[in-house]
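Here the protein sequences line up with chains A and B, keeping their order. For what it's worth, this note's numbering labels the leading residue of the first sequence as 1, then goes sequentially. For what it's worth, this note's numbering labels the leading residue of the second sequence as 1, then goes sequentially. Here the structure is laid out as structure tokens; the discussion comes afterwards.
Number of protein chains: 2
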Amino acid sequence: MKKALAFDIGGTKIYSTIVDETGKIVANIDKFSTPKTIDGIKKVLREQITKFENKADAIAIATAGAVNNSNTAVIGSTGNLVQGYSSIDFQSLSSKKVFLENDANAAAWAEYKIGASRGSSVSVMLTLGTGVGGGIIINDKLLKGKSGAAGEMHFKMYPDKRRQCTCGSWDCFEIYASGTALKLDAEEMLNNKEITTYDVIDGVKQGNKKMIDILNKWQNDIIIGIKGLANIFDPDCVVLSGSMAQFTDIKYIEAEVNSDLVTTPTSIRLATAGNYAGMIGVSLLALA
Amino acid sequence: MKKALAFDIGGTKIYSTIVDETGKIVANIDKFSTPKTIDGIKKVLREQITKFENKADAIAIATAGAVNNSNTAVIGSTGNLVQGYSSIDFQSLSSKKVFLENDANAAAWAEYKIGASRGSSVSVMLTLGTGVGGGIIINDKLLKGKSGAAGEMHFKMYPDKRRQCTCGSWDCFEIYASGTALKLDAEEMLNNKEITTYDVIDGVKQGNKKMIDILNKWQNDIIIGIKGLANIFDPDCVVLSGSMAQFTDIKYIEAEVNSDLVTTPTSIRLATAGNYAGMIGVSLLALA
Numbered sequence: 001m002k003k004a005l006a007f008d009i010g011g012t013k014i015y016s017t018i019v020d021e022t023g024k025i026v027a028n029i030d031k032f033s034t035p036k037t038i039d040g041i042k043k044v045l046r047e048q049i050t051k052f053e054n055k056a057d058a059i060a061i062a063t064a065g066a067v068n069n070s071n072t073a074v075i076g077s078t079g080n081l082v083q084g085y086s087s088i089d090f091q092s093l094s095s096k097k098v099f100l101e102n103d104a105n106a107a108a109w110a111e112y113k114i115g116a117s118r119g120s121s122v123s124v125m126l127t128l129g130t131g132v133g134g135g136i137i138i139n140d141k142l143l144k145g146k147s148g149a150a151g152e153m154h155f156k157m158y159p160d161k162r163r164q165c166t167c168g169s170w171d172c173f174e175i176y177a178s179g180t181a182l183k184l185d186a187e188e189m190l191n192n193k194e195i196t197t198y199d200v201i202d203g204v205k206q207g208n209k210k211m212i213d214i215l216n217k218w219q220n221d222i223i224i225g226i227k228g229l230a231n232i233f234d235p236d237c238v239v240l241s242g243s244m245a246q247f248t249d250i251k252y253i254e255a256e257v258n259s260d261l262v263t264t265p266t267s268i269r270l271a272t273a274g275n276y277a278g279m280i281g282v283s284l285l286a287l288a
Numbered sequence: 001m002k003k004a005l006a007f008d009i010g011g012t013k014i015y016s017t018i019v020d021e022t023g024k025i026v027a028n029i030d031k032f033s034t035p036k037t038i039d040g041i042k043k044v045l046r047e048q049i050t051k052f053e054n055k056a057d058a059i060a061i062a063t064a065g066a067v068n069n070s071n072t073a074v075i076g077s078t079g080n081l082v083q084g085y086s087s088i089d090f091q092s093l094s095s096k097k098v099f100l101e102n103d104a105n106a107a108a109w110a111e112y113k114i115g116a117s118r119g120s121s122v123s124v125m126l127t128l129g130t131g132v133g134g135g136i137i138i139n140d141k142l143l144k145g146k147s148g149a150a151g152e153m154h155f156k157m158y159p160d161k162r163r164q165c166t167c168g169s170w171d172c173f174e175i176y177a178s179g180t181a182l183k184l185d186a187e188e189m190l191n192n193k194e195i196t197t198y199d200v201i202d203g204v205k206q207g208n209k210k211m212i213d214i215l216n217k218w219q220n221d222i223i224i225g226i227k228g229l230a231n232i233f234d235p236d237c238v239v240l241s242g243s244m245a246q247f248t249d250i251k252y253i254e255a256e257v258n259s260d261l262v263t264t265p266t267s268i269r270l271a272t273a274g275n276y277a278g279m280i281g282v283s284l285l286a287l288a
């Protein structure tokens, strides 16, 4: 059976393991802090590749940032990663085929092949974490756009500059639907700069009314965004993944979204491919 | 050369002509007021078909409303058309193949084959008229979604219920970017219910500062929507069509959109396939 040496390169951590062509993880998960230099990142990758590439048919890298349409390089800046990251020649690190995909796209592909959106020819995945990632599948292919950067969830929630997004622009869906957004909602609704996302979640668990209101406001903004995406894509399903997805009420979101669509009803689902969906998805793409 | 007997069925008018397989209109344009009954609509179609189907290889119908993925029927209600319109069995009207597509999708296909988006594998077309239509092409195919209803430009401009859309929901892009929206902007900014879209356009032509402000507000909302779509699709181009497109400043829109994207720059273009793009596009699809 074919296998890929898989990486997931994020702003804070790099994960690595081996994934087989069925999407099964068949080795330990190695974990590294993401180095702050390009040479440091290359060193982590090179050491893993030296150790494990003889067990693999391809090197599969899920990464922060947009990946070009030939799946060989990161394009543009990625915000969370060191400057110049997009200049890395990943193929030079191995004699095996090196295949890259954006982490959210890779995770969406894992959901499509072995997870929550299996069998859905049109689906939208939203990764709700510190930020918001997007992966869209149309007619059984990832939506990549002209340069590979499609699926960015930076459509505006207000037209009039209320909250600046981490991308530098204003009022993007990301800055109303992310974990960061929940903290900002809490700051604004409680007029308290010190409150954390954790405080809100903890308060909700204890039944604190104010914290429940804050979570509901955040979830309502997620619903607003999903309605727009459902009208644009008419998807079979919308999958929510990422560390914040567990705090949403999927059945409520589905009912609200479907009560207010121009298109036909869609199914809202929690992701099921797990925390390493990015590595699984990019491996399935690399080995296909 | 193959030809289609083409129709464009809208809320107020039905157009009909013959289009050849290169997208050329090769007959007069016939024009009818849209009957208010299903039988009336069928009668118009049947009479044209009886007259002209011997000159055609297919019957190609661009229509208001979403069209199913087998291109045989209208799904759901269409707002502007008589109730029960979706129950019409169009194939029963001719022994030739009858092929339907949504009018905005059909027009987008015409732009892609012979117009402004030719050569663009990923494009978004917005039809700015009384309402707003959308037609999206991805990897050289129309985006249809699970049921055929994709491309609805009903994503929200505000999350908090300010202006009701013609679809019944609130604050959709359509109700900020259409001709109707321009009238609503003028009503709100001048506190005058009597003002018309024409008054605004006329005032702009005369250099009236207030009217220019109103037009700019409307255009800015269009820009906000395009930014979101460009981040979601990373398109080669965005094409503006419809009767209101002529009042936009395409170069300004392009500069504004590209100054504020997470994805790579896109080209903003006026449609070039003309007023009968819907009939041309659906004919090209039907004859393909």
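We treat Cβ as the ideally placed atom computed from N, Cα and C, and that holds for glycine.
Annotation: the region 159-224 of chain A contains the following complete segments of the alpha helix (DSSP H) (minimum length 4 residues), in chain order: 174-177, 179-190, 197-205. Each of LEU126(B), VAL132(B), GLY134(B), VAL122(B) was checked against the Cα of ILE138(A), and the nearest Cα belongs to VAL122(B). As computed with DSSP, PHE99(B) is found in a beta bridge with ALA60(B).
Legend: CB atoms of the region 222-243 of chain A lying less than 7 Å from CB atoms of chain B belong to residues ILE224, LYS227, GLY228, ASN231, ILE232, PHE233, ASP234, PRO235, ASP236.
Per DSSP, the unbroken alpha helix (DSSP H) holding LEU287(B) starts and ends at 277-287. Residue pairing for GLY134(A): DSSP places it in a beta bridge opposite LEU126(A). Rounded to whole angstroms, ALA181(B) and CYS165(B) show a C-alpha spacing of 9 Å.
In this structure, MET125(B) is the residue among MET125(B), ASP140(B), GLN48(B) with its C-alpha nearest to the C-alpha of GLU152(B). Interface flag for MET157(A) against chain B is set, since a Cβ pair is found closer than 8 Å. Taken through DSSP and simplified to helix, strand or coil, THR266(B) comes out as coil. Minimum Cα-Cα distance from ASN216(A) among the listed residues TYR198(A), ASP236(A), ASP249(A) corresponds to ASP249(A).
For ALA60(B), the closest Cβ of chain A is not nearer than 8 Å. Separation of the CB atoms of GLU53(A) and LYS96(A) is rounded to 6 Å, and the pair is thereby assigned contact status at 8 Å. For SER147(A), the C-beta contacts it makes with chain B under 9 Å involve ASP234, THR263, THR264, in order along the chain. In terms of CA proximity to PHE155(B), ASP260(A) leads the group ASP260(A), ALA277(A), GLY11(A).
Each of ARG269(B), MET1(B), PHE32(B), CYS172(B) was checked against the Cα of GLN246(B), and the nearest Cα belongs to ARG269(B).
With distances taken between CA atoms, LYS3(A) lies nearest to VAL26(A) out of ILE9(A), GLY10(A), VAL26(A). For the pair of segments examined, the region 141-148 of chain B was found not to touch the region 163-178 of chain B: the number of CB pairs separated by less than 8 Å stays below three. When secondary structure is reduced to three states using DSSP, SER87(B) falls in the helix class. Closest in alpha carbon position to ASP236(A), among ILE226(A), GLN219(A), PHE99(A), is ILE226(A).
The alpha-carbon separation between LYS24(B) and GLN83(B) amounts to approximately 33 Å.
Following the DSSP letters along the chain, one finds THR248(B) in no alpha helix (DSSP H), marked with neither H nor E. Annotation for THR17(B): the continuous beta strand (DSSP E) segment containing it runs 13-20.
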